[in-house]
Amino acid sequence: MMSIQAELILEKVREQNPLVHNITNTVVTNFTANGLLALGASPVMAYAKEEVADMAKIAGAVVLNIGTLDERIVESMLIAGASANKHGVPVILDPVGAGATPYRTETAKMLAETLDIAVIRGNAAEVASLAGENWEIKGVDSGAVRAGDASSLSVKAAKQLNTVVVITGKTDFISDGERLFSCKNGHKLQTKVTGTGCLLSSVVGAFCAVEKEYVFAAAAAAAVYGCAAEAAVERLNRHEPGSFQIEFLNKLYNLEPKALRERMKLEEVLA
Amino acid sequence: MMSIQAELILEKVREQNPLVHNITNTVVTNFTANGLLALGASPVMAYAKEEVADMAKIAGAVVLNIGTLDERIVESMLIAGASANKHGVPVILDPVGAGATPYRTETAKMLAETLDIAVIRGNAAEVASLAGENWEIKGVDSGAVRAGDASSLSVKAAKQLNTVVVITGKTDFISDGERLFSCKNGHKLQTKVTGTGCLLSSVVGAFCAVEKEYVFAAAAAAAVYGCAAEAAVERLNRHEPGSFQIEFLNKLYNLEPKALRERMKLEEVLA
Amino acid sequence: MMSIQAELILEKVREQNPLVHNITNTVVTNFTANGLLALGASPVMAYAKEEVADMAKIAGAVVLNIGTLDERIVESMLIAGASANKHGVPVILDPVGAGATPYRTETAKMLAETLDIAVIRGNAAEVASLAGENWEIKGVDSGAVRAGDASSLSVKAAKQLNTVVVITGKTDFISDGERLFSCKNGHKLQTKVTGTGCLLSSVVGAFCAVEKEYVFAAAAAAAVYGCAAEAAVERLNRHEPGSFQIEFLNKLYNLEPKALRERMKLEEVLA
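If you read the protein sequences in the order shown, they are chains E, D and A.
Heads up, the first sequence stops at 275 in the working numbering, and the numbers go up one at a time, no gaps.
Heads up, the second sequence stops at 275 in the working numbering, and the numbers go up one at a time, no gaps.
Heads up, the third sequence stops at 275 in the working numbering, and the numbers go up one at a time, no gaps.
Structure, rendered in structure tokens:
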């Protein structure tokens, strides 16, 4: 995949301002909304079972994030997801912390099985737990590779779950089960700011709203996101998470095609 | 309305530190609390039906924001609003996304009809949907004027809903149905930071807590808020939303009377 | 207590990255998670009654913060707290706004009586209301000393509630009922950023996860926190809350042993 394709998808997001309906966790709502606004999308959060079907229907994408789920949220996710499926709106699933508690693992699996999911975005441990693989997880932040290999996991999980899978880490892997992309953009400061994974899932949503080949949309989203993070770090006097969070929003807002072209390390590799 | 009046109301907020009880959406809680603290008010968020009547009673203002409502929140809003009404505490309503889904529209209308509302603050589309007018809305962010005119809408809605109405946009309009003010302060970067409308509603609450002529309080709040935004933008090296968000909090904290005097573009116009 | 002890506990947090399970209010989730990440801890928020026992069991500490409680949250706090108690995981209680409404006061008391609490962290008014003393409180922010003395209150409350008590204010007091520490670090800008008290409670949790002598852990947490705030203020061109919030996260991330050694004003005093 060439940077020009990622550029074009980003350009479409900035022109079309797709409405992204997030049912997400209470930790990242503000950062997610600000990140989507900076990118050029139009975020909305709506949780009530009385309205999520209506909101999902008019959205360009629906993002389901289980970071602080409870039974009411799960009910709303099912309603929103069904409405999105019915109206051809792509559904993104972020299985935050799947593997950390049985409730999260089972809920994530149930959502993946019940709904038609366009893209699943998680770390290796989360995706592994969805695919029935055994990886280590501690809380919601880890997912360091213990055994196996994230690239083959992405392909296997994509086939098994019949969706596009994005596994983020030092290198991101994006696969639809046939094709496989690796992305080496990004910076480790991202791991020191809460919600950087969650926001990426919502950015994937924004990209899927304007590009129906979801594996391209997801790969482009990962690359743009990582390039924005790198460009933000370059602006810092010191590598510190508070300042990074602000500069990252700034760069999501004004990442230039030139910067994307020079930085992008997204490649198709053998699946 | 002269800048000296707005200055005096701001000064009162800074001296009296009114308690503003917010029942607001999960996206903007942090930004709202920090904005109110910066301004000199004392924010509290309380949602449980067991305590909202007690909290509303001791507050200087109660702000009801339907951004992420559900049935429990609505129940609590009714209890808090009734308690506020009983004890003479002004209630501000922010009908976030009214018009986007039937649930939001109907809930906003029900709240406006059931409670004695001091001020409604929304964009043109939200206010129009409350007043039974037909405007376009997409999600919660839009509200560009499609037909009609925001200034006449503010007067009409104020009469119809028997309250003060603040319609924010490139120009803000503030009316109690008799008098009409226009405010041309503010900056478009505000639209790239989530919750700038919601925070203004809470700032209106803080101003109403210290100035019982609510149409003046609301007009002054809109002007102070817009001037703080402009002063924040002047501090930026680049026009970017991450940095703006921080400088805006800074300027809410230390906007000087002189800056207010020089910038304020608040005028009474023919209703 | 010498700065070298505080340094060592901070070093342990940075090395061990303890998982801190927060059941906290919706206003401070993001700031709490970012503060814990900056410090070197691993934050998780989990609220559902279906999973809190599982999460508490694998955590290094559980933090219960009643800032925006409701009946479901209270139920989850009891389940999480019981699981933590069973598995020897320290439980921190932050009684936000206790004294402001009967619901908060009673819930805070009930939690303190039902669970085995390692540390209670609050302002003077909140702690007083838990201990049955009569102090003034307005909303959730106040707690200025009206009568009596915060230092003796901390000792008395610690004895009465059989726990370590941290009372924060201009001077912080930390006591287990026998020993008493005073800490004069910190800066008044902390009072202009929402959640600085809540985040400290979670930082106390992170310190208790690596140091089982909880009175030392709590005293060290208060001192490190105050020193980070002071170091952040020194970085500012102007004393403003928006910028302070960012620099504070930066300094939690990279506060150096040397800075701690030079600044720390933590002393054991006569109980």
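Quick reminder that beta carbons are idealized off the backbone N, C-alpha and C, glycines included.
Note that this is a predicted model, so its numbers are computed, not measured.
Legend entry - Listed by chain order, chain D residues near A/R108 by CB distance under 7 Å: Residue 108 of chain A sits at position 104 when you count from the first residue of the third sequence. Residues of chain D passing the Cβ test: E55.
Inset, instruction - Express the C-alpha separation of E/S247 and E/R76 in angstroms, rounding to a whole number. - result: Within the first sequence, the letter at position 72 stands for residue 76 of chain E. Within the first sequence, the letter at position 243 stands for residue 247 of chain E. When rounded, the distance between both Cα atoms is 36 Å.
Inset, instruction - May I ask which residues mark the beginning and end of the alpha helix (DSSP H) holding A/A65? - result: Here the question's residue 65 of chain A lines up with position 61 in the third sequence. Where A/A65 is concerned, there is no enclosing alpha helix (DSSP H), although the beta strand (DSSP E) it sits in stretches over 65-69.
Inset, instruction - Using a Cβ cut-off of 7 Å (strictly closer), state whether E/T72 contacts chain A. - result: Reading the first sequence from its first residue, position 68 is the one you call residue 72 of chain E. Proximity of E/T72 to chain A, defined by a Cβ-Cβ separation below 7 Å, is satisfied.
Inset, instruction - Would you mind stating whether D/T36 and D/S156 have Cβ atoms separated by less than 7 Å? - result: Counted from its first residue, the second sequence places residue 36 of chain D at position 32. Counted from its first residue, the second sequence places residue 156 of chain D at position 152. D/S156 is positioned such that its CB atom lies no closer than 7 Å to that of D/T36.
Inset, instruction - Assign E/D74 to one of three DSSP states: helix, strand, or coil. - result: Position 70 of the first sequence, counted from the first residue, corresponds to residue 74 of chain E. Residue state, collapsed to three classes: coil.
Legend entry - DSSP beta-bridge partners of E/Y103: One-based indexing of the first sequence puts residue 103 of chain E at position 99. A small fix is needed here, since residue 103 of chain E is Gly in this sequence, not Tyr. In the DSSP assignment, E/G103 is bridged to no other residue.
Inset, instruction - Have a look at D/T111, D/R265, D/S186, D/F252 and flag the residue whose alpha-carbon is nearest the alpha-carbon of D/A222. - result: Reading the second sequence from its first residue, position 218 is the one you call residue 222 of chain D. Nearest option by C-alpha distance: D/S186.
Legend entry - Euclidean distance between Cα positions of A/D176 and A/A52: The residue you call residue 176 of chain A lines up with position 172 of the third sequence. The residue you call residue 52 of chain A lines up with position 48 of the third sequence. Their backbone Cα atoms lie some 33 Å apart in a straight line.
Inset, instruction - Determine, using beta carbons only, whether A/K160 comes closer than 7 Å to chain D. - result: Reading the third sequence from its first residue, position 156 is the one you call residue 160 of chain A. The beta carbon of A/K160 sits no closer than 7 Å to any beta carbon of chain D.
Legend entry - Between the CA atoms of E/I13 and D/V56 - distance to the nearest angstrom: Translated into positions along the second sequence, residue 56 of chain D becomes position 52. Translated into positions along the first sequence, residue 13 of chain E becomes position 9. Spanning the alpha carbons of D/V56 and E/I13 requires a straight line of approximately 47 Å.
Inset, instruction - Would you verify that the beta carbon of D/R150 is, or is not, closer than 7 Å to some beta carbon of chain E? - result: The residue given as residue 150 of chain D occupies position 146 in the second sequence. Its pLDDT being 44, under 50, D/R150 is placed unreliably in this model, and the value from its coordinates should be taken loosely. Answer no: the Cβ-Cβ gap between D/R150 and chain E never drops below 7 Å.
Inset, instruction - With 9 Å as the C-beta to C-beta threshold (strictly closer), list the residues of the region 247-264 of chain D near chain A in chain order. - result: Within the region 247-264 of chain D, the qualifying residues are Q249, I250, E251, F252, L253, N254, K255, L256, Y257, N258.
Inset, instruction - Let me know the secondary structure DSSP gives E/R108 once reduced to three states. - result: For the purposes of this step, residue 108 of chain E is taken as residue 104 along the first sequence, with counting starting at 1. Residue state, collapsed to three classes: helix.
Legend entry - Straight-line Cα distance separating A/P22 from A/V168: Position 164 of the third sequence, counted from the first residue, corresponds to residue 168 of chain A. Position 18 of the third sequence, counted from the first residue, corresponds to residue 22 of chain A. A direct Cα-to-Cα measurement between A/V168 and A/P22 gives close to 20 Å.
Inset, instruction - Just the chain A side, please: which residues come within less than 7 Å of E/N26 by C-beta, in chain order? - result: For the purposes of this step, residue 26 of chain E is identified with residue 22 of the first sequence, where counting begins at 1. Within 7 Å Cβ-Cβ: nothing; E/N26 doesn't reach chain A, min ~14 Å.
Inset, instruction - Check whether the Cβ of A/I34 lies closer than 7 Å to any Cβ atom in chain D. - result: Numbered from its first residue, the third sequence carries residue 34 of chain A at position 30. Just to set this straight, residue 34 of chain A is Asn in the shown sequence, not Ile. Yes, A/N34 lies at the interface with chain D (some Cβ there is under 7 Å from its Cβ).
Inset, instruction - Would you decide whether E/I121 is buried or exposed? Buried here means 16 or more other CB atoms lie within 10 Å of its CB. - result: The sequence position of residue 121 of chain E within the first sequence is 117, counting from 1. Label assigned to E/I121: buried.
Legend entry - Close-in-space but distant-in-sequence residues of the same chain around A/A45 (CB under 7 Å, 5 per side omitted): Start at 1 with the first residue of the third sequence, and residue 45 of chain A comes out as number 41. Beyond the five residues adjoining it in sequence on each side, A/A45 comes within less than 7 Å, by CB distance, of V17, N21, P22, V24, A210 in the same chain, given in chain order.
Inset, instruction - Following the continuous alpha helix (DSSP H) through E/E54, name the residue where it begins and the one where it ends. - result: Counting from one through the first sequence, the residue named residue 54 of chain E turns up at place 50. In the DSSP assignment, E/E54 falls outside any alpha helix (DSSP H) and carries neither an H nor an E.
Legend entry - D/K196 at chain E interface by Cβ criterion, 7 Å: As a working mapping, residue 196 of chain D is identified with position 192 in the second sequence. D/K196 counts as touching chain E.
Inset, instruction - Would you verify that the beta carbon of A/E244 is, or is not, closer than 7 Å to some beta carbon of chain D? - result: By 1-based counting over the third sequence, the position of residue 244 of chain A is 240. Chain D, which has a Cβ nearer than 7 Å to the Cβ of A/E244, makes this yes.
Legend entry - Residue burial classification, D/I8 (beta-carbon count within 10 angstroms, cutoff 16): Here residue 8 of chain D refers to the residue found at position 4 of the second sequence. By the beta-carbon neighbour count (other beta carbons within 10 angstroms, threshold 16), D/I8 is exposed.
Legend entry - Exposure label - E/T118; buried when at least 16 CB within 10 Å: If you number the first sequence from 1, residue 118 of chain E lands on position 114. With fewer than 16 Cβ atoms within 10 Å of its Cβ, E/T118 is classed as exposed.
Inset, instruction - With DSSP collapsed to three states, give me the class of A/V169. - result: By one-based count along the third sequence, residue 169 of chain A stands at place 165. Secondary structure at A/V169: strand, using DSSP grouped into helix, strand and coil.
Legend entry - Start and end residues, beta strand (DSSP E) containing D/I250: To locate residue 250 of chain D, count along the second sequence from 1; it is residue 246. Premise fails: D/I250 lies in the alpha helix (DSSP H), 245-258, not in any beta strand (DSSP E).
Inset, instruction - Could you run through the region 75-90 of chain A and flag, in chain order, every residue whose CB is less than 8 Å away from some CB of chain E? - result: Per Cβ criterion, the list reads R76.
Inset, instruction - Determine the burial state of E/P106: buried for a count of at least 16 other Cβ atoms within 10 Å of its Cβ, exposed for fewer. - result: As a working note, residue 106 of chain E is residue 102 in the first sequence. Under this definition E/P106 is an exposed residue.
Inset, instruction - At 7 Å on the CB atoms, spell out the chain D contacts of A/V31, in chain order. - result: Looking up residue 31 of chain A in the third sequence gives position 27. Per Cβ cutoff of 7 Å: T33, N34, A37, M49.
Inset, instruction - Please list the partners that D/L134 has in chain A, where partner means a Cβ-to-Cβ separation under 9 Å. - result: Along the second sequence, one-based indexing puts residue 134 of chain D at 130. Listed along chain A is no residue with a C-beta nearer than 9 Å to that of D/L134; the closest approach is about 26 Å.
Inset, instruction - Let me know the secondary structure DSSP gives D/P22 once reduced to three states. - result: Position 18 of the second sequence, counted from the start, is the residue given in the question as residue 22 of chain D. The three-state reading of DSSP puts D/P22 in coil, since its state is none of H, G, I, E or B.
Legend entry - Beta-carbon proximity of D/E234 to D/R267, cut-off 7 Å: Residue mapping note: residue 234 of chain D aligns to position 230 of the second sequence, counting from 1. Residue mapping note: residue 267 of chain D aligns to position 263 of the second sequence, counting from 1. Contact flag set, yes.
Inset, instruction - Would you decide whether E/E251 is buried or exposed? Buried here means 16 or more other CB atoms lie within 10 Å of its CB. - result: As a first step, residue 251 of chain E is located in the first sequence; it is residue number 247 there, counting from the start. With 16 or more other Cβ atoms within 10 Å, it is buried.
Inset, instruction - Consider the Cβ of A/L41: report whether some Cβ of chain E lies at a distance smaller than 7 Å. - result: Here residue 41 of chain A refers to the residue found at position 37 when the third sequence is read from its first residue. Closer than 7 Å to some Cβ of chain E, the Cβ of A/L41 qualifies, so yes.
Legend entry - Residue(s) in a DSSP beta bridge with E/S179: Numbered from 1 along the first sequence, position 175 holds the residue referred to as residue 179 of chain E. Partner(s): E/V169, E/L184.
Legend entry - D/G103 and D/A129 closer than 7 Å at C-beta: Position 99 of the second sequence, counted from the first residue, corresponds to residue 103 of chain D. Position 125 of the second sequence, counted from the first residue, corresponds to residue 129 of chain D. Contact: yes.
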